[in-house]
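Position 72 of the sequence shown, counting from 1, maps to 205 under our numbering, and the rest follow consecutively.
In this text, a Cβ means the ideal position worked out from N, Cα and C, and glycines have one as well.
Note that the coordinates shown come from a computational prediction; the quantities given were computed from them, not determined experimentally.
A short write-up of the structure that comes next.
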Amino acid sequence: MWSVHSAVMDHLPPQFADDLAQVLEPSHREAAAGIIEAASKLDDDGLRKFLELLAQRVRESAAPVTHTELQDFLSASTRRPHGA
């Protein structure tokens, strides 16, 4: 099982995993961890898009982020604009 406190997060700021865990729906953390792991494997543009969508969502609502929302962010981050 992967955790938001895994080696995948080592290259991020020290408190990133803890901060991320605080905004996730507690019952969705295990499923969310797999999505976050997939996001960490995106190219720079894809990861940037994923993090921008996550940050926007956190700014807009105090409700915990669900794994479904993260999956939507991941899907949006892997789409390329037409002609790209």
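| Check | Outcome |
| --- | --- |
| Taking the alpha helix (DSSP H) that His161 falls in, what are its first and last residues? | Element bounds for His161: n/a, residue is neither H nor E. |
| Let me know the secondary structure DSSP gives Ser139 once reduced to three states. | Interpretation of Ser139 is limited by its pLDDT of 49, a score under 50 that renders its predicted location unreliable; the figure taken from the coordinates is listed afterwards. In this structure, Ser139 counts as coil in the three-state DSSP scheme. |
| Just the C-alpha distance for Gln189 and Phe206, rounded to the nearest angstrom, thanks. | 11 Å |
| With distances taken between CB atoms, is the gap from Leu184 to Ala172 smaller than 9 Å? | yes |
| Measure how close the beta-carbons of Val218 and Leu187 come, nearest whole angstrom, since I'm counting them as under 8 Å. | Here the chain covers residues 134 to 217 and nothing more, so residue 218 does not appear. |
| May I ask which residues mark the beginning and end of the alpha helix (DSSP H) holding Ser210? | His200 to Thr211 |
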